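Just so you know, the sequences run in chain order G and P.
Its first residue numbered 9, the first sequence is counted upward by one per residue in the working numbering.
Its first residue numbered 24, the second sequence is counted upward by one per residue in the working numbering.
Data block below; observations after.
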Amino acid sequence: MKQARRRREHALAYGLLAPALVVFALFVFFPLFKNVYLGFFKNPPFPGLPKKYVGFDQYRDVLTSRDFLESLKTTALFALLTVPVGIALGLGLAVVAHQQLKGIGIYRTIFSSTVATSVAVAAVIFGTLLSPQVGLLPWLGLTTEPPILQNTSWALVAVAVTTVWQTLGLTFILMSAGLQSVPDDLLEAARVDGAGAWSRFWHVTLPLMSPTIFFAVVVGTIFAFQTFGQIDLLTQGGPLKKTNVLTYFIYTTLRNQSDPGKAAVLAVALFFFTMLLALAQIRLLERRVSYER
Amino acid sequence: MGRVALEHVSKRFDDVTAVDDLTLDIADEEFLVLLGPSGCGKSTALRMIAGLEEPSEGTITIGDRVVNDVEAKDRDIAMVFQSYALYPHMTVRRNIEFPLRSRRIAAEERKHLVDDAAASLGLEDLLDRKPGQLSGGQRQRVALARAIVRRPQAFLMDEPLSNLDAKLRVQTRAELVELQRRLAATVVYVTHDQVEAMTMGHRIAILERGVLQQVGAPQEVYARPANLFVARFIGSPPMNTVTGRVVADGEGLAAELPGGRVPLAAPLAAAVAAANLDAVVVGMRPEDLRLADPAAPTHGVDATVSVIESLGHERHVVCRLDDGQLVIVRQGAHEPVPGEMAGVRLVVDAVHVFDPTSGARVGG
């Protein structure tokens, strides 16, 4: 009796899990393993020749190559340029928009409007702004020689600014929600306890928002590691590969060099880096995050 | 410590008047309770004293200075919130220390003051815990410790006991009174619980719809409620109030209630006559009523016993008048109920009389 019931319950559990498992297997697990497998084969230098099984040799060669290490550095730098700045700006705007003022709704709408802007639109806007021929910024005298998007020192910064701008709406909404979760009576208690506006923000608001900020850091970093659109539209990885982030590197390897084996190795590397980053952040930050009330 | 005074203070939110022309003078070292049902404006009044709300009109004085334009953080008051409002990410020590840190008190003195406050509330062993690890009663103590750690002009307390269980509430009530006496503190205490008000306050201020109804010592408010609202709000079980016509009764006057007459004593009768009232609301405290046999030749109101609620040391006999109104009689646990649950006569030993239109007390 008892066993029969348990078997029925197990059958039901697996039955309910099955659709999700099928989707995951088809679209996540299979491509992942296929990718790892593809990395074992070296592509021929000329099309038409058979590809050759080389085992982990290709992994070693690609992952120690100068191009890969440079690309990894660029990606990390890009994340560093976008995530902290984006969160600080989003939080600042959220704090400003949190005031009980007349017409504040208009500002909230403006601040969150970039949510409705796609990467392509953002890239086109900034491409135009920065264009040496018609751009507003060069017209204002804010330009470099060579022009910003072709400048080895500034191209990555320009793409980062575009990205920060494009994701600002989402960060703003996220930070606003986090701000609303800070109970009013705690801020009132701090006021009565003699804390000024800055002290209240630093000692009460910010610590209580740490779960939100933590979430934004993790998701923001993962997004930064997967950036593609704005690179493709603004710089195509140039100048001199200074904006050649990992995803773009994978794309050009596959498309321009027609080298699926090498691209697979890079994709696996990206996957592991993203996973490692997420795990490290969770472990590092979790200790400093206070969730309990 | 200092006095707290409100002069003609009003607070309007759009078209709702939360507090209407409130004037209250709270003396130095006084324990004043702001009492009223929810939504009566008592919390708003407290928040205006704290500086968390701005009065629409009137002036608020703490100590010797008018604080209308002084920010909450500079008013030199401490507040205990209903939710306790402890900072969840700080240890108990950091919580208690927070008002001192805000005022840039040196580390050594800070430690000394925190240890003192913690010791006086029995929190020594909990200083390294976070609020999430504490029970409700312990959190309440931490909130108190955070308030007493410095010597502010006044303590403001917003229903600080309402989140505690009944037993702990009674215990904490007494401890709060002791604490107030020991610190010689000025306390403004908001509650909707008339038992808390009666047991703790030096004076009680009763608010209803933003309007102050009566201020006075607990016994005075109980014995001579200024109007029907206060009469019904103070006392448990509450005062019975029954409307009756004023009729001639021999030499004097009586109130004709369903089922019998209640004679009015001479001075009261004179006041009723002077006010030219046809009808009055007769207020009878449950302990001022006695049960008698309906056959007994006494004045009284005939009623039937509906329910007897026994509390162990006393009984509440719920009686129904002829027209169905309920009247509660409080009696000792062993007094007999005449008539075997059936007909009884209610003998009235003392009455309060109110004007049925204005609700105001009639007579002295």
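Quick reminder that beta carbons are idealized off the backbone N, C-alpha and C, glycines included.
This structure is a prediction, so every number in the text was calculated from the model and none was measured.
For residue i, return the contacting residues in chain G, with the cut-off set at a CB-CB distance below 8 Å.
| i | result |
| --- | --- |
| arginine 126 of chain P | Gly202 |
What did DSSP end up calling residue i once you bin it into helix, strand or coil?
| i | result |
| --- | --- |
| alanine 128 of chain P | For the sequence presented, residue 128 of chain P should be read as isoleucine rather than alanine. It is coil, neither helix nor strand. |
| glutamine 236 of chain P | strand |
| lysine 134 of chain P | helix |
| glutamine 354 of chain P | strand |
| aspartate 87 of chain P | coil |
| methionine 24 of chain P | coil |
| alanine 277 of chain P | strand |
| arginine 301 of chain G | Note that arginine 301 of chain G scores a pLDDT of 44, beneath 50, so its modelled location is shaky; the value from the coordinates is reported in the next line. Residue state, collapsed to three classes: coil. |
| aspartate 193 of chain G | helix |
| phenylalanine 104 of chain P | coil |
| glutamate 231 of chain P | strand |
| asparagine 159 of chain G | coil |
| glycine 228 of chain G | helix |
| asparagine 186 of chain P | coil |
| serine 158 of chain P | coil |
| serine 33 of chain P | strand |
| alanine 124 of chain G | helix |
| alanine 102 of chain G | helix |
| valine 374 of chain P | coil |
| alanine 207 of chain P | coil |
| lysine 50 of chain G | strand |
| arginine 384 of chain P | strand |
| arginine 368 of chain P | strand |
| glycine 143 of chain G | coil |
| lysine 60 of chain G | strand |
| arginine 313 of chain P | strand |
| valine 66 of chain P | Per the sequence shown, residue 66 of chain P should be read as serine rather than valine. Helix at serine 66 of chain P. |
| glutamate 219 of chain P | helix |
With residue i as the anchor, note down where its beta strand (DSSP E) starts and where it stops.
| i | result |
| --- | --- |
| alanine 319 of chain P | Alanine 319 of chain P -> no beta strand (DSSP E), and no H or E assigned at all. |
| threonine 264 of chain P | 263-272 |
| leucine 334 of chain P | Unbroken run through leucine 334 of chain P: none, as it is neither H nor E. |
| phenylalanine 178 of chain P | 177-181 |
| phenylalanine 209 of chain G | No beta strand (DSSP E) contains phenylalanine 209 of chain G, which DSSP labels as neither H nor E. |
| tyrosine 110 of chain P | Taken as a continuous stretch (DSSP letters only), tyrosine 110 of chain P belongs to no beta strand (DSSP E), as it is neither H nor E. |
| alanine 41 of chain P | 39-49 |
| valine 285 of chain P | 283-286 |
| threonine 214 of chain P | 210-214 |
| valine 295 of chain P | Looking at the DSSP string, valine 295 of chain P is not in any beta strand (DSSP E); the run it does join, the alpha helix (DSSP H), is 289-298. |
| leucine 57 of chain P | 54-58 |
Going along chain G in order, which residues have a C-beta closer than 7 Å to the C-beta of residue i?
| i | result |
| --- | --- |
| proline 122 of chain P | Asp201 and Gly202 |
| serine 106 of chain P | Asp193 |
Taking 6 Å as the limit between beta carbons, can you name the residues of its chain near residue i, skipping five residues before and five after?
| i | result |
| --- | --- |
| valine 39 of chain P | none |
| arginine 301 of chain G | Unreliable positioning characterises arginine 301 of chain G in this predicted model, as indicated by a pLDDT of 44, which lies under 50. The coordinate reading is nonetheless provided below. No residues qualify anywhere along the chain. |
| proline 155 of chain G | Pro140 |
| valine 79 of chain G | Note on identity: in this sequence residue 79 of chain G is serine, with valine being the wrong assignment. Answer for serine 79 of chain G: Asn252, Leu254 and Phe257, listed in chain order. |
| leucine 187 of chain G | Ala102 and His106 |
| valine 369 of chain P | It is leucine, not valine, that sits at residue 369 of chain P in the sequence shown. So the qualifying residues of the chain are Leu312, Gly323, Val324 and Ala326. |
To which residues of the same chain is residue i closer than 8 Å at the C-beta, ignoring the five residues directly before and after it?
| i | result |
| --- | --- |
| alanine 207 of chain P | Met24 and Glu52 |
| threonine 114 of chain P | Leu150, Asp151, Arg152 and Lys153 |
| histidine 225 of chain P | Glu53, Phe54, Leu55 and Ala240 |
| tyrosine 245 of chain P | Met221, Ile257 and Gly258 |
| glutamate 310 of chain P | Arg353 |
Just the chain G side, please: which residues come within less than 9 Å of residue i by C-beta, in chain order?
| i | result |
| --- | --- |
| serine 329 of chain P | What serine 329 of chain P touches in chain G: nothing, since even the nearest Cβ is about 44 Å away. |
| alanine 101 of chain P | Val200 and Asp201 |
Just reading off the alpha helix (DSSP H) that residue i is part of, what are its end residues?
| i | result |
| --- | --- |
| histidine 18 of chain G | 10-32 |
| valine 253 of chain P | 251-256 |
| valine 244 of chain P | 241-246 |
Quick one: residues in its chain with C-beta nearer than 7 Å to the C-beta of residue i, no 5 flanking neighbours on either side, listed in chain order?
| i | result |
| --- | --- |
| alanine 168 of chain P | Ile119, Ala140, Ala141, Leu144 and Leu146 |
| arginine 338 of chain P | Ile331, Glu332, Gln354 and Ala356 |
| threonine 282 of chain G | Ile230 and Phe233 |
| proline 268 of chain G | Leu46, Asn51 and Leu262 |
| proline 317 of chain P | Asp325, Gly362, Gly366, Val367 and Arg368 |
Is residue i a contact residue of the ligand ZN, with contact defined as CB to any heavy atom under 8 Å?
| i | result |
| --- | --- |
| isoleucine 114 of chain G | The model on display carries no ligand, and the ligand ZN is accordingly not part of it. |
_Members of the region 190-217 of chain G that neighbour chain P once the beta carbon cut-off is set at 8 Å_ = Pro191, Asp193, Leu194, Glu196, Ala197, Ala198, Arg199, Val200, Asp201, Gly202, Ala203, Gly204, Ser207, His211, Val212, Pro215 and Leu216
*Can you give me, in chain order, the residues of the region 85-97 of chain P that have a beta carbon less than 8 Å from any beta carbon in chain G?*
Glu94, Ala95, Lys96 and Asp97
*Quick one: which residues of the region 68-79 of chain P get their C-beta closer than 9 Å to a C-beta of chain G? List them in chain order.*
Arg70, Ala73, Gly74 and Leu75
*When you check each C-beta in the region 300-324 of chain P against every C-beta of chain G, which residues fall closer than 8 Å?*
none
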